[in-house]
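Structure, as structure tokens:
Residue numbers (the numbering used here), protein chains in the order written: chain A, 7 to 88; chain B, 2 to 249.
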């Protein structure tokens, strides 16, 4: 942070996760949001971090290996019969 | 950042422990024992499983098994062993169903079982010194989340440390592109290259959507360290997406 209390773009990009996690102290959060209002590039950067999170959520949807599926069904039937 | 990095410094006296067990900023440990209730639907699902409803079990397995295998890979090298760990997890789930108390979501509970098994297995397979050192070297690199040359220098007269090369829009691409199979494959490859601690955090938080408190407890991390790991991992994936999706 500079003496005037503003944060620079280079500082802001390192604070993004803390901001999104709600972990920035109040004073820094205000500075962060004030910076976003006047800086389109940093707003874009934040949008891109959010887009990254959206894209990451998609990764979880994968197909199960059929062999594993069959084995687990067997295990379930065995558990049930006990 | 330097302070946080210092907190990750290897502690030789703890060398018998896996690196993920090193106490990190103990004084900052979260005090979050508040009770979480399971999401709606969990109670019915647990009841169905206890009653031996095979369809309910298969649905759940299809939904979570690939994630469990992927996550296990950050503790054990071999894909076959990761598969075994995931399968053992389901046996643990079945055996533990009667004691599941809905203090967390069913999904969180299942992931916790996986994490515990994968840790134990990882220790037994003793990915010891070489692995730990490699993981440590990667994790201690205090790389900026955006390359320094994208910014003006600190002594720039008018705009010190402001963007020299501002980001190009790629986040407004159609969702088919952003969330499509190719992008997904790219992200999977990138996650696989991350140091294990980063990989564990980003998979549990961003891929699986578990909450921060739960993940801190599961991985024995302080909230501060979890944020650093999440920040590095997300930054890595964001940079990869930028390279791949940014208009030429």
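We treat Cβ as the ideally placed atom computed from N, Cα and C, and that holds for glycine.
Everything numeric in this text was worked out from a predicted model, so none of it was measured.
Proximal residues of chain A, C-beta to C-beta of residue i below 7 Å
{"i": "residue 146 (chain B)", "result": "19 and 20"}
{"i": "residue 152 (chain B)", "result": "15 and 16"}
Residues that residue i contacts on chain B, provided the C-beta gap is smaller than 9 Å
{"i": "residue 75 (chain A)", "result": "59, 62, 63 and 66"}
For residue i, the nearest candidate out of the options (CA to CA)
{"i": "residue 212 (chain B)", "options": "B:186, B:81, B:146 and B:108", "result": "B:108"}
{"i": "residue 169 (chain B)", "options": "A:48, A:12 and A:28", "result": "A:48"}
{"i": "residue 164 (chain B)", "options": "B:171, B:42, B:173 and B:148", "result": "B:148"}
{"i": "residue 122 (chain B)", "options": "B:80, B:146, B:156 and B:45", "result": "B:80"}
{"i": "residue 226 (chain B)", "options": "A:18, A:24, A:19 and A:17", "result": "A:24"}
For residue i, the first and last residue of its enclosing alpha helix (DSSP H)
{"i": "residue 40 (chain A)", "result": "32-44"}
{"i": "residue 227 (chain B)", "result": "224-246"}
{"i": "residue 200 (chain B)", "result": "197-203"}
{"i": "residue 103 (chain B)", "result": "Here residue 103 (chain B) belongs to no alpha helix (DSSP H), and DSSP marks it neither H nor E."}
{"i": "residue 110 (chain B)", "result": "107-125"}
{"i": "residue 76 (chain A)", "result": "72-87"}
{"i": "residue 58 (chain B)", "result": "55-73"}
Closer than 7 Å to chain B by CB, residue i
{"i": "residue 51 (chain A)", "result": "yes"}
{"i": "residue 44 (chain A)", "result": "no"}
{"i": "residue 7 (chain A)", "result": "In this prediction, residue 7 (chain A) scores a pLDDT of 48, lower than 50, which makes its location untrustworthy; the coordinate-derived value is nonetheless stated afterwards. Judged by the 7 Å Cβ criterion, residue 7 (chain A) is not in contact with chain B."}
{"i": "residue 55 (chain A)", "result": "yes"}
{"i": "residue 12 (chain A)", "result": "no"}
{"i": "residue 59 (chain A)", "result": "yes"}
Where residue i meets chain B, residues with beta-carbon distance less than 8 Å
{"i": "residue 3 (chain A)", "result": "Not covered by the structure: residue 3 (chain A). The range shown for chain A is 7 to 88."}
Min CB distance residue i to chain A below 7 Å
{"i": "residue 110 (chain B)", "result": "no"}
{"i": "residue 228 (chain B)", "result": "yes"}
{"i": "residue 1 (chain B)", "result": "Shown here, chain B extends from 2 to 249; a query on residue 1 (chain B) therefore has no answer."}
{"i": "residue 167 (chain B)", "result": "yes"}
{"i": "residue 159 (chain B)", "result": "no"}
{"i": "residue 25 (chain B)", "result": "Note that residue 25 (chain B) has pLDDT 35, beneath the 50 cutoff, so the model's placement of it is unreliable and no number is given."}
Contacts of residue i in chain A (Cβ-Cβ under 8 Å)
{"i": "residue 170 (chain B)", "result": "50"}
Within chain B, partners of residue i - CB distance below 7 Å
{"i": "residue 37 (chain A)", "result": "None at all; the shortest Cβ gap to chain B is about 14 Å."}
{"i": "residue 86 (chain A)", "result": "53"}
{"i": "residue 30 (chain A)", "result": "None at all; the shortest Cβ gap to chain B is about 10 Å."}
{"i": "residue 27 (chain A)", "result": "213 and 228"}
Proximal residues of chain A, C-beta to C-beta of residue i below 9 Å
{"i": "residue 244 (chain B)", "result": "Those within 9 Å of residue 244 (chain B) in chain A number zero; the least Cβ separation is about 12 Å."}
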